[in-house]
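Asker:
There are 2 protein chains.
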Amino acid sequence: MQHVAAEPRVSKEAWSALSSALQSAFSDRFQTGAALREQHGHTTTYLANQPPDGVLFATSTDDVATTVRLCAKHGVPIVPFGVGTSLEGQVNAPFGGVSLDLSRMNTVLAVNGDDMDCVIQPGVTRKQLNAELRDQGLFFPIDPGADATLGGMASTRASGTNAVRYGTMKDAVLSLEAVMADGRVIRTGTRARKSSAGYDLTRLLIGSEGTLGIITEMTLRLHGIPEAIGSVAASFSTVGEACEAVIATSQYGIPVARIELLDPLTVKAVNAYSNLSFAEQPLLLVEFHGSEKGVAEQTALFSSIVSEFGGHATPAANSPEERNRQWQARHDAYWASLQLRPGAQGYTTDVCVPISKLAECVTEAQNRAKAAGFDAPIVGHVGDGNFHVLLLLDMENPDEISRAKDYVAWLNHLAVSVGGTCTGEHGIGQGKQQFLREELGDACDVMAAIKQALDPQDLLNPGKILA
Amino acid sequence: MQHVAAEPRVSKEAWSALSSALQSAFSDRFQTGAALREQHGHTTTYLANQPPDGVLFATSTDDVATTVRLCAKHGVPIVPFGVGTSLEGQVNAPFGGVSLDLSRMNTVLAVNGDDMDCVIQPGVTRKQLNAELRDQGLFFPIDPGADATLGGMASTRASGTNAVRYGTMKDAVLSLEAVMADGRVIRTGTRARKSSAGYDLTRLLIGSEGTLGIITEMTLRLHGIPEAIGSVAASFSTVGEACEAVIATSQYGIPVARIELLDPLTVKAVNAYSNLSFAEQPLLLVEFHGSEKGVAEQTALFSSIVSEFGGHATPAANSPEERNRQWQARHDAYWASLQLRPGAQGYTTDVCVPISKLAECVTEAQNRAKAAGFDAPIVGHVGDGNFHVLLLLDMENPDEISRAKDYVAWLNHLAVSVGGTCTGEHGIGQGKQQFLREELGDACDVMAAIKQALDPQDLLNPGKILA
Chain A
1 MQHVAAEPRV SKEAWSALSS ALQSAFSDRF QTGAALREQH GHTTTYLANQ
51 PPDGVLFATS TDDVATTVRL CAKHGVPIVP FGVGTSLEGQ VNAPFGGVSL
101 DLSRMNTVLA VNGDDMDCVI QPGVTRKQLN AELRDQGLFF PIDPGADATL
151 GGMASTRASG TNAVRYGTMK DAVLSLEAVM ADGRVIRTGT RARKSSAGYD
201 LTRLLIGSEG TLGIITEMTL RLHGIPEAIG SVAASFSTVG EACEAVIATS
251 QYGIPVARIE LLDPLTVKAV NAYSNLSFAE QPLLLVEFHG SEKGVAEQTA
301 LFSSIVSEFG GHATPAANSP EERNRQWQAR HDAYWASLQL RPGAQGYTTD
351 VCVPISKLAE CVTEAQNRAK AAGFDAPIVG HVGDGNFHVL LLLDMENPDE
401 ISRAKDYVAW LNHLAVSVGG TCTGEHGIGQ GKQQFLREEL GDACDVMAAI
451 KQALDPQDLL NPGKILA
Chain B
468 MQHVAAEPRV SKEAWSALSS ALQSAFSDRF QTGAALREQH GHTTTYLANQ
518 PPDGVLFATS TDDVATTVRL CAKHGVPIVP FGVGTSLEGQ VNAPFGGVSL
568 DLSRMNTVLA VNGDDMDCVI QPGVTRKQLN AELRDQGLFF PIDPGADATL
618 GGMASTRASG TNAVRYGTMK DAVLSLEAVM ADGRVIRTGT RARKSSAGYD
668 LTRLLIGSEG TLGIITEMTL RLHGIPEAIG SVAASFSTVG EACEAVIATS
718 QYGIPVARIE LLDPLTVKAV NAYSNLSFAE QPLLLVEFHG SEKGVAEQTA
768 LFSSIVSEFG GHATPAANSP EERNRQWQAR HDAYWASLQL RPGAQGYTTD
818 VCVPISKLAE CVTEAQNRAK AAGFDAPIVG HVGDGNFHVL LLLDMENPDE
868 ISRAKDYVAW LNHLAVSVGG TCTGEHGIGQ GKQQFLREEL GDACDVMAAI
918 KQALDPQDLL NPGKILA
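Top line first, the protein sequences correspond to chains A and B. Sequential numbering of the first sequence, starting at 1, is according to my numbering. Sequential numbering of the second sequence, starting at 468, is according to my numbering.
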């Protein structure tokens with residue numbers, strides 16, 4: 001991983017004064033060791049690691065407010081940090097400053113079974129939350145690949161394989177508590193399921209990547225663990241036929257919980273990695289949630305749609321073990337794909353397009369990757385039109401990285417040109433700012449005006465989303 | 468209806484200069500007749516009518532941008548207007564200015580069947596939209612009582628009876644085009660189903676009641692008309708039992724499309740108005756959407772829950788005629804209730820609370836209304852915890868209105884005290900600003916900072932949401 005030093009913005013005097021204050025307030029919960037700082041910079045893609053000057057481990061909202069007030073006093077940036085799984089450089093510290101590590105704020109504060117909601121601290125991870133909910137028959141559906149913190153997931157407006165049924169983080173959060181740039185603590189909503197009370201600050205903070213406020217508490221909607229779960233795998237001759245089946249499934253109103261596309265290259269990787277034997281063709285993995293009868297009906301209807309579009313539905317994976325194995329394989333697709341080119345690292349893309357354009361975009365993305373000489377397996381949350389091309393790169397090879405950047409730029413242009421977005425779920429961070437401008441134009445100026453109004457010193461995660 | 472003159476804010480000179488400019492740009496699409504102006508002020512509740520100084524009928528985004536630029540130049544307020552069905556004074560012009568009537572921008576611009584979305588102008592009404600979609604097997608689910616414009620519905624973050632299944636306007640809108648206070652036209656998103664591209668300006672504009680920008684185009688999510696629809700009416704001895712049944716229904720994961728509560732007084736009114744014969748007890752009207760088998764299963768499961776909580780499910784209304792009659796009766800509940808006190812006008816409340824608190828809140832609301840001598844039928848979108856107490860008032864009696872205001876204040880306090888909101892779907896407007904502050908505290912200052920940043924002259928619907 002390439003390291004890039006912070007641009008000088010914090011004077012030595014300011015840092016020294018702030019350090020003393022943080023040391024005095026937080027003792028050894030404020031750290032400045034090099035390894036820890038590096039670990040708190042970006043570590044997951046080609047983007048260079050830009051470590052903060054120090055790391056503060058918060059354990060309460062008060063800690064966050066105190067840190068923000070001290071940083072504001074000394075003009076020092078603050079970069080919120082969960083577990084560091086973001087993909088577009090969101091946790092880098094391009095101007096130095098304090099990484100505010102929220103991972104120790106990981107308590108589930110309340111679970112309200114009758115209301116099917118819970119109140120948590122932002123450092124709770126999605127797997128931890130589901131482990132704590134299971135006994136009550138409840139679950140939280142949003143599942144990005146990594147075991148991210150819920151605070152981080154809210155900050156990037158994350159989603160995952162269940163979004164087609166359960167929505168994204170913007171749908172899963174009822175209310176937030178956040179510390180604003182001046183240290184004020186606000187609450188953006190209540191436990192009511194819906195509200196028309198003023199500006200939607202909840203949704204404004206979700207996806208703002210820590211640039212407008214720091215999330216310190218979250219109220220989340222939960223769902224009942226379904227009575228029955230069914231799963232089908234369906235192979236198609238072409239991506240086009242697979243996508244036609246997805247469109248028909250949506251139009252029939254089949255409430256699929258997941259509908260995932262794996263291209264032949266990903267299937268090959270997954271077969272090898274997880275000892276499976278899917279045909280090396282475009283594959284849909286589909287999951288149904290409901291009553292026993294409902295799942296059976298959905299399974300039958302979906303299977304008939306598969307046949308209609310020339311696909312082949314493999315026997316439904318109906319034992320929990322078989323189903324878990326299949327979905328574990330899907331979740332391991334990233335790791336499996338890395339094995340296609342031993343020693344390579346992944347550079348993942350994240351476009352989302354109208355479903356009617358999906359087949360064309362996936363096919364063009366395959367062709368162009370092939371022409372450019374890339375190993376580039378593709379997976380997609382295709383019920384939403386969201387797909388990821390994973391470029392397998394030698395990160396020590398500047399030429400490859402340069403060509404990869406060209407490819408990603410081309411792909412983002414393509415998505416925007418068909419009415420889609422350059423990011424379905426990973427966010428803008430440092431990596432996609434030029435594409436945000438291309439996609440939303442003058443709306444970026446409106447975003448900048450909001451940022452300026454709420455964080456006039458530009459101290460909350462500076463250099464992210466907006467240049 | 469009491470009239471209240473605008474507070475002087477627009478000088479005669481400014482108004483004269485603007486009038487000339489608007490006349491010259493728009494000819495007879497700019498009008499200043501008294502009747503038309505009054506019709507463009509608030510006309511639906513106890514709130515006084517505050518007419519604008521003139522009305523501009525826009526037919527294009529360019530018209531809106533031109534009007535906004537001219538108003539900005541002369542420092543004159545602009546109040547966006549759809550069809551005037553809002554309930555909290557959102558279309559009043561307390562500082563005078565131009566009512567920007569968008570009802571002629573009522574074209575459905577595109578329907579994308581494969582993507583299940585459409586692009587419309589903001590003056591399209593919900594009934595018009597559904598009439599235009601029907602042939603394609605699609606529908607738009609959000610249904611406030613009135614046949615409001617979609618632009619108005621977005622502006623108040625409206626919902627209605629289907630929200631428990633299909634969400635509110637915040638969930639139904641993929642992207643907006645809007646004219647900002649300086650006349651710039653922005654696009655807040657794309658046709659992608661989900662996105663992590665920067666701040667969620669779509670959701671920020673939804674519910675902003677025209678105070679941050681004027682919506683000129685909307686991209687909406689659509690749904691397939693369900694294969695089968697079923698309906699059940701269930702009577703209970705107490706509101707508490709009815710609410711327990713609602714909670715159990717939610718926990719079982721039954722995907723009800725609608726679950727509406729009518730209190731005994733509303734049932735009495737509806738029986739008389741629509742010639743029905745429901746028992747004068749707490750009543751749930753429930754609708755199911757799905758496949759034939761799915762609806763049958765949901766109906767059976769719900770009916771067993773009803774029995775479990777001591778209720779009595781009347782035979783399911785399974786003929787479309789019978790079902791339509793039942794739901795028409797529900798939609799007519801407002802008009803039916805007015806007949807409980809001939810000559811009275813309605814003053815409707817709109818709290819939304821966690822479902823676990825619903826029975827207690829509805830019961831307290833009934834008791835207090837009775838003690839205060841009000842005829843006060845109650846209906847609720849109880850799957851979301853949202854309910855409306857309708858106070859039947861003699862609007863010429865200041866004492867009644869004063870007591871009604873006390874009651875509403877008490878009810879809003881109650882909702883906030885149990886973790887709910889003072890408005891589930893009607894918005895803040897002029898009527899609920901003090902309760903917004905009580906509910907969200909310092910978050911109101913963050914809203915004000917955003918307003919100041921995006922509309923520094925305070926020309927877009929001034930005096931709404933924030934005092």
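Each residue gets a CB set at the ideal place from its N, CA and C atoms; glycine is no exception.
#1: Under 8 Å, do ASP581(B) and ILE247(A) count as touching if we go by C-beta distance?
#2: Please go through the region 757 to 840 of chain B and give each complete beta strand (DSSP E) segment of 3 or more residues, from N-terminal end onward.
#3: Check the Cβ-Cβ distances between TYR252(A) and every residue of chain B, and say whether any is below 8 Å.
#4: Against chain A, does LEU668(B) count as a neighbour if the rule is that its beta carbon must be under 8 Å from one of theirs?
#5: Counting only beta-carbon separations shorter than 8 Å, does VAL575(B) have a partner in chain A?
#6: Between which two residues does the beta strand (DSSP E) carrying CYS118(A) extend?
#7: I want to know whether the region 614 to 630 of chain B touches the region 171 to 190 of chain A - three or more CB-CB distances under 8 Å.
#8: Quick check: the Cα distance between ALA739(B) and ARG193(A), rounded to an integer number of angstroms?
#9: Any Cβ of chain A within less than 8 Å of the Cβ of MET620(B)?
#10: Within its chain, find whatever has a CB closer than 8 Å to the CB of CYS819(B); leave out the 5 residues flanking it on each side and keep chain order.
#11: Chain B partners of ASN49(A), CB-CB under 9 Å?
#12: Would you list, in chain order, the members of the region 178 to 191 of chain A that have their beta-carbon closer than 7 Å to a beta-carbon of chain B?
#13: In whole angstroms, what is the alpha-carbon distance linking GLY373(A) and GLN281(A)?
#14: Contact between the region 506 to 519 of chain B and the region 543 to 563 of chain B is defined here as three or more beta-carbon pairs at a separation below 8 Å; is this criterion met?
#15: Answer with yes or no whether the minimum CB distance from LEU436(A) to chain D is below 8 Å.
#16: Just checking, does the region 214 to 224 of chain A make contact with the region 106 to 123 of chain A on the three C-beta pairs under 8 Å criterion?
#17: With a threshold of 16 other CB atoms inside 10 Å of the CB of ASP478(A), please say whether the residue is buried or exposed.
#18: Do you know offhand how far ALA560(B)'s Cα is from GLU260(A)'s?
#19: Within 10 Å of its beta-carbon, does GLU13(A) have 16 or more other beta-carbons around it, so buried, or fewer, so exposed?
#20: Could you check if ASN397(A) is buried or exposed, using at least 16 other CB atoms within 10 Å of its CB as the buried criterion?
#21: Put ARG134(A) into one of helix, strand or coil per three-state DSSP.
#22: State the Cα-Cα distance for the pair LEU668(B) and LEU459(A), rounded to the nearest angstrom.
#23: Might you give, ordered along the chain, the residues of its own chain that have their beta carbon closer than 6 Å to the beta carbon of MET1(A), omitting 5 neighbours on each side?
#24: According to DSSP, which residues form a beta bridge with HIS690(B)?
#25: Anyone know if the C-beta pair for ALA811(B) and LEU859(B) falls short of 8 Å?
#26: Between MET468(B) and chain A, is there a C-beta pair that is closer than 8 Å?
#27: Rounded to a whole number of angstroms, what is the C-alpha to C-alpha distance between GLU775(B) and GLU827(B)?
#28: Quick check: what's the CA-CA separation for GLY210(A) versus LEU100(A)?
#29: Could you pull the start and end residues of the beta strand (DSSP E) that ILE206(A) belongs to?
#30: Report the neighbours of ASP147(A) on chain B: residues whose CB is nearer than 7 Å to its CB, in chain order.
#31: Give a yes or no on whether 8 Å exceeds the smallest Cβ distance from ILE450(A) to chain B.
#32: If VAL762(B) and ALA695(B) are in contact, beta carbons under 8 Å, what's the gap, nearest whole angstrom?
#33: Do THR781(B) and ALA700(B) have their beta-carbon atoms positioned less than 8 Å apart in this structure?
#34: With which residues is HIS426(A) paired in a DSSP beta bridge?
#35: Over what stretch of residues does the beta strand (DSSP E) that includes ASP101(A) continue unbroken?
#36: Note down the Cα distance separating MET914(B) from GLU906(B), rounded to an integer number of angstroms.
Answerer: Considering the structure as presented:
#1: On the second sequence, residue 581(B) is found 114 positions in, with the first residue counted as 1. On the first sequence, residue 247(A) is found 247 positions in, with the first residue counted as 1. Yes.
#2: 779 to 781, 812 to 815
#3: Here residue 252(A) is taken as the residue at index 252 of the first sequence, counted from 1. So, interface residue.
#4: Counted from its first residue, the second sequence places residue 668(B) at position 201. Yes, contact with chain A.
#5: In the second sequence, counting from the first residue as 1, residue 575(B) sits at position 108. No, no contact with chain A.
#6: Here residue 118(A) is taken as the residue at index 118 of the first sequence, counted from 1. Looking at the DSSP string, the run of the beta strand (DSSP E) that includes CYS118(A) is 117 to 120.
#7: No: fewer than three Cβ pairs fall under 8 Å.
#8: For the purposes of this step, residue 739(B) is taken as residue 272 along the second sequence, with counting starting at 1. For the purposes of this step, residue 193(A) is taken as residue 193 along the first sequence, with counting starting at 1. Roughly 33 Å between the two C-alpha positions.
#9: To locate residue 620(B), count along the second sequence from 1; it is residue 153. MET620(B) does not count as touching chain A.
#10: Taking the first residue of the second sequence as position 1, residue 819(B) is located at position 352. ASP851, GLY852, ASN853, PHE854, ALA882, GLY887, THR888, THR890, GLY891, GLU892.
#11: Within the first sequence, residue 49(A) is the residue found at index 49, counting from 1. Under the 9 Å cutoff, chain B gives no residues; its nearest Cβ is about 22 Å from ASN49(A).
#12: Near chain B, meaning a CB-to-CB distance below 7 Å, the residues of the region 178 to 191 of chain A are MET180, ARG184, ILE186, ARG187, THR188, THR190, ARG191.
#13: In the first sequence, residue 373(A) corresponds to position 373, counting from 1. In the first sequence, residue 281(A) corresponds to position 281, counting from 1. Taking the straight line joining both Cα atoms gives about 20 Å.
#14: yes
#15: Looking for chain D here will not work: the only protein chains present are A and B.
#16: yes
#17: Limits of chain A in this structure are 1 at one end and 467 at the other, which puts residue 478(A) out of reach.
#18: Counting from one through the second sequence, the residue named residue 560(B) turns up at place 93. Counting from one through the first sequence, the residue named residue 260(A) turns up at place 260. Looking at the two C-alpha atoms, the distance is approximately 51 Å.
#19: In the first sequence, counting from the first residue as 1, residue 13(A) sits at position 13. The residue in question, GLU13(A), is exposed, as its Cβ has fewer than 16 Cβ neighbours within 10 Å.
#20: Translated into the one-based positions of the first sequence, residue 397(A) becomes position 397. So ASN397(A) ends up on the exposed side.
#21: Start at 1 with the first residue of the first sequence, and residue 134(A) comes out as number 134. Assignment of ARG134(A) by DSSP, reduced to helix, strand and coil, places it in the helix class.
#22: In the second sequence, residue 668(B) corresponds to position 201, counting from 1. In the first sequence, residue 459(A) corresponds to position 459, counting from 1. So the alpha carbons of these two residues sit roughly 22 Å apart.
#23: Taking the first residue of the first sequence as 1, we reach residue 1(A) at position 1. Interpretation of MET1(A) is limited by its pLDDT of 48, a score under 50 that renders its predicted location unreliable; the figure taken from the coordinates is listed afterwards. Hits under 6 Å: ASN49.
#24: Counting from one through the second sequence, the residue named residue 690(B) turns up at place 223. Partner(s): PHE606(B).
#25: Counting from one through the second sequence, the residue named residue 811(B) turns up at place 344. Counting from one through the second sequence, the residue named residue 859(B) turns up at place 392. Yes.
#26: Residue 468(B) sits at position 1 when you count from the first residue of the second sequence. For MET468(B), the predicted model reports a pLDDT of 48, less than 50, meaning its position is unreliable and no value from the coordinates is stated.
#27: Indexing the second sequence from 1 puts residue 775(B) at position 308. Indexing the second sequence from 1 puts residue 827(B) at position 360. Spanning the two alpha carbons is a distance of roughly 20 Å.
#28: As a first step, residue 210(A) must be located in the first sequence, where it is residue number 210. As a first step, residue 100(A) must be located in the first sequence, where it is residue number 100. Straight across, the Cα-Cα distance linking GLY210(A) with LEU100(A) is about 11 Å.
#29: Position 206 of the first sequence, counted from the first residue, corresponds to residue 206(A). Per DSSP, ILE206(A) belongs to no beta strand (DSSP E) and is neither H nor E.
#30: As a position in the first sequence, residue 147(A) is number 147, starting the count at 1. Within chain B, no residue comes near ASP147(A); the closest Cβ sits about 19 Å away, beyond 7 Å.
#31: Locating residue 450(A) in the first sequence gives position 450, where the first residue counts as 1. Closer than 8 Å: yes.
#32: Translated into positions along the second sequence, residue 762(B) becomes position 295. Translated into positions along the second sequence, residue 695(B) becomes position 228. With a Cβ gap of about 4 Å, VAL762(B) and ALA695(B) count as contacting.
#33: The residue labelled residue 700(B) in the question sits at position 233 within the second sequence. The residue labelled residue 781(B) in the question sits at position 314 within the second sequence. Result yes, Cβ atoms of ALA700(B) and THR781(B) sit closer than 8 Å.
#34: Position 426 of the first sequence holds residue 426(A). Looking at the DSSP assignment, HIS426(A) forms no beta bridge with any residue, so it has no partner.
#35: For the purposes of this step, residue 101(A) is taken as residue 101 along the first sequence, with counting starting at 1. Start and end: 98 to 101.
#36: Here residue 914(B) refers to the residue found at position 447 of the second sequence. Here residue 906(B) refers to the residue found at position 439 of the second sequence. About 13 Å.
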